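Asks:
Number of protein chains: 2
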Amino acid sequence: MAKKLKTTTKKNTKSKVLKEPPVILVTNDDGVTAPGIKNLVQAVKDLGKVVVVAPDKPQSGMGHAITIGQPLRLHHLSTDDNVEIWSCTGTPVDCVKLAVDKVLHRKPDICLSGINHGANHSINVIYSGTMSAAMEAAIESIPSVGFSLLDFSIEADFEGARKYARIITEKMLQSKLDKHTVLNVNVPAVPASLLKGMKICRQAYAKYEEDFIDREDPHGRHYYWLTGEFVNFDKGKDTDVWALAHQYVSIVPVQFDLTNYALKSKLEKTWK
Amino acid sequence: MAKKLKTTTKKNTKSKVLKEPPVILVTNDDGVTAPGIKNLVQAVKDLGKVVVVAPDKPQSGMGHAITIGQPLRLHHLSTDDNVEIWSCTGTPVDCVKLAVDKVLHRKPDICLSGINHGANHSINVIYSGTMSAAMEAAIESIPSVGFSLLDFSIEADFEGARKYARIITEKMLQSKLDKHTVLNVNVPAVPASLLKGMKICRQAYAKYEEDFIDREDPHGRHYYWLTGEFVNFDKGKDTDVWALAHQYVSIVPVQFDLTNYALKSKLEKTWK
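Chains as they are written, first to last, in this note's numbering: chain R, 1376 to 1647; chain Z, 1376 to 1647.
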């Protein structure tokens, strides 16, 4: 079949592409019932066949965790209006792996993750289940985008995020980008009419300065709650944090080759 | 006090450094009782004051997960022979954060993670709790190294890994490397005498091709076990996978700025 396809004319190939709507895998880390993922589906559902495979419970901060020590389950929730919805007992990364192997039985044309309730700019890309799911897809040669809105609230206004999720998904489907492409998209928490457009950025060196709240249980033993204050150490005007502070939708292209090539060169010369 | 130090001569500063042994934070993802972490402590305990803060249970595959929804606990296990040992109920990344804030009350001079039972080369750097702990330290401006031995066994022979853990830790303590330095070190599972030395490498594009084993529970419902076959798609001779196959200890310098700068430039020109 593959050989036969190669012999068709360019025109035929194009019309074939037009006939077959793209398969769009949607996941997140806030769980399958979160308003954010419903808004994402709403934004893109007429661009292709949408299949949702998302965690059955919140999985924020799970980073690139995978489930090794216990089995996973999938539950089919609904199929209607060109959208198929499944929940999964695992992490966001598990969802992507299981979706490809046991739900789609093929690689989707694109993977969209989010829309996350809360920011995933700067160093948060590393802790974020939303972005780890997108990264996992890209490792599997599926172009992907993670979307986040800078509003934790369950009643957040997703209008602007929906608008740009659609614009960016259309651009991704139309562009001939590398199959390992991952974009980290964050949307400021302002009314859609105030958004100034999109900005391609680098990841800021900005992070949470951690502190743990120390409490005592009824038996006099200590326990600690993670908390922290966000601090931006990066004064650059080409960062995602700068763009978001100036009401732009930030887009950071992300990679999963973590090699520090500058340090590699240095060590090759000095660590003899 | 800081001001006073600045006014001392270079010679005095040097002798001061010599007088105060470095504080070495040790953690892992296999848990505080794993042979790997005991071997790491053994390898470096006379190089400084060693403080172990490690998970109280195995945390392999936890990636950069952090604990947000529940509190954490610390347990002091022992202090002797210049080594202080604590267990923590959280993930490897939680261990680093808690160690700095609630055990050391300062940044250690170096963080060592491992020695992991099993490989963390190539794409595994992203899933690995061992490497995420090291990365977390580097984000916190603590130079760090993650060590892994290519042998899952509880009875693995750590002699070669111990030898190179010591050599590399000494080099790190002596070198004036950036405070955000992270090294991913993997050691082949061969007798120490057969190791050919160290090689500075890049991360190979090699990964597990996933497959899930599909089983039925006694109620006829499906459940899935993650499994997979390791495949190397990268034929380069400068990769960690190549070095390990040729009996070298692989050292990949790692970074946490995930920006794909090449794609950033491309999108800036084309996504107008």
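By construction, the Cβ of each residue, glycine as well, lies at the ideal position given by its N, Cα and C atoms. All of these numbers come straight from a predicted model, not from anything done at the bench.
Under a Cβ-count criterion, where at least 16 other Cβ atoms within 10 Å of its own Cβ denotes burial, should arginine 1590(R) be classed as buried or exposed?
Replies: Translated into the one-based positions of the first sequence, residue 1590(R) becomes position 215. Exposed, by the Cβ-count rule.
Asks: Quick one: any contact between the stretch 1580 to 1596 of chain Z and the stretch 1537 to 1555 of chain Z, if contact means 3 or more CB pairs under 8 Å?
Replies: no
Asks: Span of the alpha helix (DSSP H) holding valine 1616(Z)?
Replies: Counting from 1 along the second sequence, the entry for residue 1616(Z) is found at position 241. Start and end: 1615 to 1620.
Asks: For glutamate 1643(R), which residues in chain Z fall below 8 Å Cβ to Cβ?
Replies: Locating residue 1643(R) in the first sequence gives position 268, where the first residue counts as 1. Under the 8 Å cutoff, chain Z gives Ile1575.
Asks: Looking at chain C, is there any beta carbon in it that lies within less than 8 Å of the beta carbon of tryptophan 1617(Z)?
Replies: As a matter of chain content, chain C is missing from the structure shown, whose protein chains are R and Z.
Asks: In this structure, does DSSP put leucine 1570(Z) in helix, strand or coil?
Replies: For the purposes of this step, residue 1570(Z) is identified with residue 195 of the second sequence, where counting begins at 1. Note: leucine 1570(Z) maps to coil in three-state DSSP.
Asks: Any idea if histidine 1492(Z) is buried or exposed, counting beta-carbon neighbours within 10 angstroms, 16 or more meaning buried?
Replies: The sequence position of residue 1492(Z) within the second sequence is 117, counting from 1. Classification for histidine 1492(Z): buried.
Asks: Going by DSSP in three states, glycine 1535(R) sits in which element: helix, strand or coil?
Replies: In the first sequence, counting from the first residue as 1, residue 1535(R) sits at position 160. Helix at glycine 1535(R).
Asks: Which residues in chain Z sit within 7 Å of methionine 1437(R), going by Cβ to Cβ distance?
Replies: Here residue 1437(R) refers to the residue found at position 62 of the first sequence. For the C-beta of methionine 1437(R), the chain Z residues within less than 7 Å are, from N- to C-terminus, Ala1440.
Asks: Just to check my reading of the structure: proline 1430(Z) and cysteine 1463(Z) have Cβ atoms closer than 8 Å, yes? What is that Cβ distance to the nearest angstrom?
Replies: For the purposes of this step, residue 1430(Z) is taken as residue 55 along the second sequence, with counting starting at 1. For the purposes of this step, residue 1463(Z) is taken as residue 88 along the second sequence, with counting starting at 1. So it is a contact: roughly 6 Å between Cβ atoms.
Asks: Could you please give the first and the last residue of the uninterrupted alpha helix (DSSP H) stretch that includes tyrosine 1636(Z)?
Replies: By 1-based counting over the second sequence, the position of residue 1636(Z) is 261. First-last of the alpha helix (DSSP H) with tyrosine 1636(Z): 1636 to 1645.
Asks: Which chain Z residues sit within Cβ distance under 7 Å of glutamate 1585(R)?
Replies: Start at 1 with the first residue of the first sequence, and residue 1585(R) comes out as number 210. Ordered by position in chain Z, the residues that pass the 7 Å Cβ test against glutamate 1585(R) are Lys1472, Asp1476.
Asks: Determine the contact status of tyrosine 1539(R) and valine 1427(R), defining contact as a CB-CB distance below 8 Å.
Replies: Stepping through the first sequence from its first residue, residue 1539(R) is reached at position 164. Stepping through the first sequence from its first residue, residue 1427(R) is reached at position 52. No, these two residues do not count as a Cβ contact at 8 Å.
Asks: Strictly under 8 Å for the Cβ-Cβ distance: is lysine 1386(Z) near chain R by that measure?
Replies: Here residue 1386(Z) refers to the residue found at position 11 when the second sequence is read from its first residue. The predicted position of lysine 1386(Z) is uncertain, since its pLDDT is 44 and thus under 50; no value can be drawn from it.
Asks: Using three-state DSSP, classify lysine 1385(Z) as helix, strand or coil.
Replies: The residue you call residue 1385(Z) lines up with position 10 of the second sequence. Reliability fails at lysine 1385(Z), whose pLDDT of 43 lies under 50, so the model's placement of it is uncertain and no value is given.
Asks: Could you work out which residue in Asn1457(R), Ile1529(R), Leu1638(R) is closest to aspartate 1553(Z) when comparing CA atoms only?
Replies: Here residue 1553(Z) is taken as the residue at index 178 of the second sequence, counted from 1. Checked all of Asn1457(R), Ile1529(R), Leu1638(R); the closest Cα to aspartate 1553(Z) is Leu1638(R).
Asks: What number of angstroms, rounded off, separates the C-alpha of methionine 1506(R) from the C-alpha of aspartate 1405(R)?
Replies: Within the first sequence, numbered from 1, the residue matching residue 1506(R) stands at position 131. Within the first sequence, numbered from 1, the residue matching residue 1405(R) stands at position 30. When rounded, the distance between both Cα atoms is 12 Å.
Asks: Just to make sure I have the definition right: I need the residues of chain R whose C-beta is within less than 7 Å of the C-beta of tryptophan 1600(Z). Which are they?
Replies: If you number the second sequence from 1, residue 1600(Z) lands on position 225. The answer, in chain order, is Pro1446.
Asks: What separation, rounded to the nearest whole angstrom, lies between the Cα atoms of histidine 1450(R) and lysine 1610(Z)?
Replies: For the purposes of this step, residue 1450(R) is taken as residue 75 along the first sequence, with counting starting at 1. For the purposes of this step, residue 1610(Z) is taken as residue 235 along the second sequence, with counting starting at 1. C-alpha separation (whole angstroms): 40 Å.
Asks: Tell me the DSSP secondary structure of isoleucine 1441(Z) in three-state form.
Replies: Your numbering for residue 1441(Z) matches position 66 in the second sequence. Here isoleucine 1441(Z) sits in coil by DSSP.
Asks: DSSP three-state label for isoleucine 1543(Z), please.
Replies: By 1-based counting over the second sequence, the position of residue 1543(Z) is 168. DSSP places isoleucine 1543(Z) in helix when its eight states are reduced to three.
Asks: Terminal residues of the continuous beta strand (DSSP E) containing valine 1511(R)?
Replies: Taking the first residue of the first sequence as position 1, residue 1511(R) is located at position 136. Reading the sequence as shown, one finds glutamate at residue 1511(R) and not valine. Element bounds for glutamate 1511(R): not the beta strand (DSSP E) but the alpha helix (DSSP H), 1504 to 1514.
Asks: With a threshold of 8 Å between beta carbons, is valine 1629(R) in contact with chain Z?
Replies: As a working note, residue 1629(R) is residue 254 in the first sequence. Yes - at least one Cβ of chain Z is within 8 Å of the one on valine 1629(R).
Asks: Between which two residues does the beta strand (DSSP E) holding isoleucine 1529(R) run?
Replies: On the first sequence, residue 1529(R) is found 154 positions in, with the first residue counted as 1. In the DSSP assignment, isoleucine 1529(R) falls outside any beta strand (DSSP E) and carries neither an H nor an E.
Asks: To the nearest whole angstrom, what separates the beta carbons of valine 1557(R) and alanine 1513(R), a pair I think is in contact under 8 Å?
Replies: Translated into positions along the first sequence, residue 1557(R) becomes position 182. Translated into positions along the first sequence, residue 1513(R) becomes position 138. Right, the Cβ-Cβ distance comes to about 4 Å (below 8 Å), so this counts as a contact.
Asks: If you count every other CB in all the chains shown that lies within 10 Å of the CB of lysine 1571(Z), and 16 or more means buried, which is it?
Replies: What you label residue 1571(Z) is simply residue 196 of the second sequence in a count that begins at 1. Lysine 1571(Z) comes out exposed.
Asks: Would isoleucine 1501(R) count as contacting chain Z if we go by Cβ distances under 8 Å?
Replies: One-based indexing of the first sequence puts residue 1501(R) at position 126. Chain Z, which has a Cβ nearer than 8 Å to the Cβ of isoleucine 1501(R), makes this yes.
Asks: If you check the beta carbons only, do leucine 1619(Z) and tyrosine 1599(R) fall under 8 Å apart?
Replies: For the purposes of this step, residue 1619(Z) is identified with residue 244 of the second sequence, where counting begins at 1. For the purposes of this step, residue 1599(R) is identified with residue 224 of the first sequence, where counting begins at 1. Going by C-beta atoms, leucine 1619(Z) is not nearer than 8 Å to tyrosine 1599(R).
Asks: Sort Ala1440(Z), Gly1436(Z), Val1398(Z) by Cα distance to lysine 1420(Z) and report the nearest one.
Replies: Here residue 1420(Z) refers to the residue found at position 45 when the second sequence is read from its first residue. Measuring from the Cα of lysine 1420(Z), the nearest candidate turns out to be Val1398(Z).
Asks: Under 8 Å, do threonine 1466(Z) and isoleucine 1485(Z) count as touching if we go by C-beta distance?
Replies: Within the second sequence, numbered from 1, the residue matching residue 1466(Z) stands at position 91. Within the second sequence, numbered from 1, the residue matching residue 1485(Z) stands at position 110. Contact flag unset, no.
Asks: Could you compute how far the alpha carbon of proline 1433(Z) sits from the alpha carbon of phenylalanine 1527(Z)?
Replies: Counted from its first residue, the second sequence places residue 1433(Z) at position 58. Counted from its first residue, the second sequence places residue 1527(Z) at position 152. Approximately 13 Å between the Cα atoms of the pair.
Asks: For tyrosine 1636(R), is the classification buried or exposed, using 16 other Cβ atoms within 10 angstroms of its Cβ as the cut-off for buried?
Replies: Translated into positions along the first sequence, residue 1636(R) becomes position 261. Classification of tyrosine 1636(R): exposed, given that the 10 Å Cβ count is below 16.
Asks: If I follow the unbroken alpha helix (DSSP H) through alanine 1344(Z), where does it start and stop?
Replies: Because residue 1344(Z) is not part of the residues shown, which for chain Z are 1376 to 1647, the question remains open.
Asks: Tell me which residue opens and which closes the beta strand (DSSP E) that leucine 1487(Z) is part of.
Replies: Start at 1 with the first residue of the second sequence, and residue 1487(Z) comes out as number 112. Segment 1485 to 1492, the beta strand (DSSP E) holding leucine 1487(Z).
Asks: Helix, strand or coil for isoleucine 1588(Z)? Go by DSSP, reduced to three states.
Replies: Translated into the one-based positions of the second sequence, residue 1588(Z) becomes position 213. Residue state, collapsed to three classes: strand.
Asks: Residues of the stretch 1448 to 1464 of chain R with a CB closer than 8 Å to any CB of chain Z: list them in chain order, please.
Replies: Arg1448, Leu1449
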